Amino acid sequence: MVKKDTLEAAKGDYLLVGGNRAGEIRLGNSSKDLKTLLGPPAKTEGANDAIWTYPDLGVTLAFVKGRLYLIGVKSGDWVTPKGLKVGRPFSEMKKELGKDYRIENSSVFYDQWGIGARLEGELIVELLIFTPKKSGGQG
113 MVKKDTLEAA KGDYLLVGGN RAGEIRLGNS SKDLKTLLGP PAKTEGANDA
163 IWTYPDLGVT LAFVKGRLYL IGVKSGDWVT PKGLKVGRPF SEMKKELGKD
213 YRIENSSVFY DQWGIGARLE GELIVELLIF TPKKSGGQG
């Protein structure tokens, strides 16, 4: 018998789709909708408490004007369609998505795909899902 954990029960899947979603957590959703889906966050911070943290799910959400604009995942349970996930080297991200990215502090952003990563050295420690700056999405 396979035991389903709370993460799977809350979101239905662990699929990361750049420019779109992390499981059932979708960019553009309202804070009210996400509170219904995930329950109240364990921690809020930032201006107007616009950053929500769910440490048990390995997820951080950031809102602008009450709408989700950034999803950060720190758990290796989350994975892209091609297998990219937290804990893998950045070289795997470059192999999957190419060399058209920008670097900001210790993070890389593939603006055209709506996916990025926070790095410690060459290791991915958090994957970021956001609205692409150009048309399209990663799938």
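The numbering used here puts the first residue of the sequence shown at 113, with every later residue one more than the last.
Just so you know, even glycine gets a beta-carbon here, dropped at the ideal spot from N, CA and C.
Small disclaimer: the values here were computed from a predicted structure and weren't measured.
Residue i bridges to which residues according to DSSP?
i	result
LEU231	ILE236
ARG179	SER142 and VAL176
GLY184	THR172 and LEU240
THR165	LYS155 and THR172
VAL191	LEU127
Counting C-beta neighbours from all protein chains within 10 Å, is the total for residue i 16 or more, i.e. buried, or is it exposed?
i	result
ASN141	buried
VAL176	exposed
LYS123	Bear in mind that the predicted position of LYS123 carries a pLDDT of just 41, short of 50, making it too unreliable to give a figure here.
LEU128	buried
THR148	exposed
ALA159	exposed
ILE137	buried
GLY228	buried
ILE183	buried
GLY178	exposed
GLY226	buried
Specify, as a first and last residue, the run of the beta strand (DSSP E) that residue i falls within.
i	result
LYS155	155-157
GLU136	Careful: GLU136 lies outside any beta strand (DSSP E) and carries neither H nor E.
SER203	Not the beta strand (DSSP E): SER203 falls in the alpha helix (DSSP H), residues 202-209.
SER219	219-222
Would you kindly check if the distance between the Cβ of residue j and the Cβ of residue i is under 9 Å?
i	j	result
GLY170	VAL185	yes
ALA162	ALA174	yes
SER203	GLU232	no
ILE236	GLY199	yes
ASP223	LYS245	yes
LEU150	TYR166	yes
ASP189	TYR126	yes
Looking at chain B, is there any beta carbon in it that lies within less than 9 Å of the beta carbon of residue i?
i	result
ARG200	No chain B is part of this structure, which consists of one protein chain only.
For the 8 Å Cβ check, are there 3 or more pairs between the stretch 233-246 and the stretch 131-139? yes
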